[in-house]
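One structure is given here, and the rest of the page talks about it.
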Amino acid sequence: MTSTLHLFANNPIEFAMKFKREVYEKTRIECAVGIGPNPLMAKGSYGS
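Take a look at the structure:
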């Protein structure tokens with residue numbers, strides 16, 4: 001994701017917000033997105 005982030009957003013938080021909004025608009029299902037330096041920390045950080 002890191003090497004292609006610039007194609008979708010200016011920073012990880014902006015990407016996460018766009019991703020959550022698009023998922024909701026297309027499915028009407030809310031999702032959570034975790035951001036961190038590794039998968040374990042990202043999983044622990046997801047939330048609102």
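Residue numbers (UniProt numbering): 1 to 48.
Yeah, the Cβ is synthetic: ideal placement off N, Cα and C, and Gly gets one too.
What is the C-beta distance between residue i and residue j, in whole angstroms, given that I count them as a contact (C-beta under 8 Å)?
i	j	result
I35	A16	6 Å
Do residue j and residue i count as a contact pair if the criterion is CB distance below 8 Å?
i	j	result
K43	V33	no
Complete runs of the alpha helix (DSSP H) confined to the UniProt domain "UmuC" (2–43) [at least 4 residues]: Here the runs fully enclosed are 12–27.
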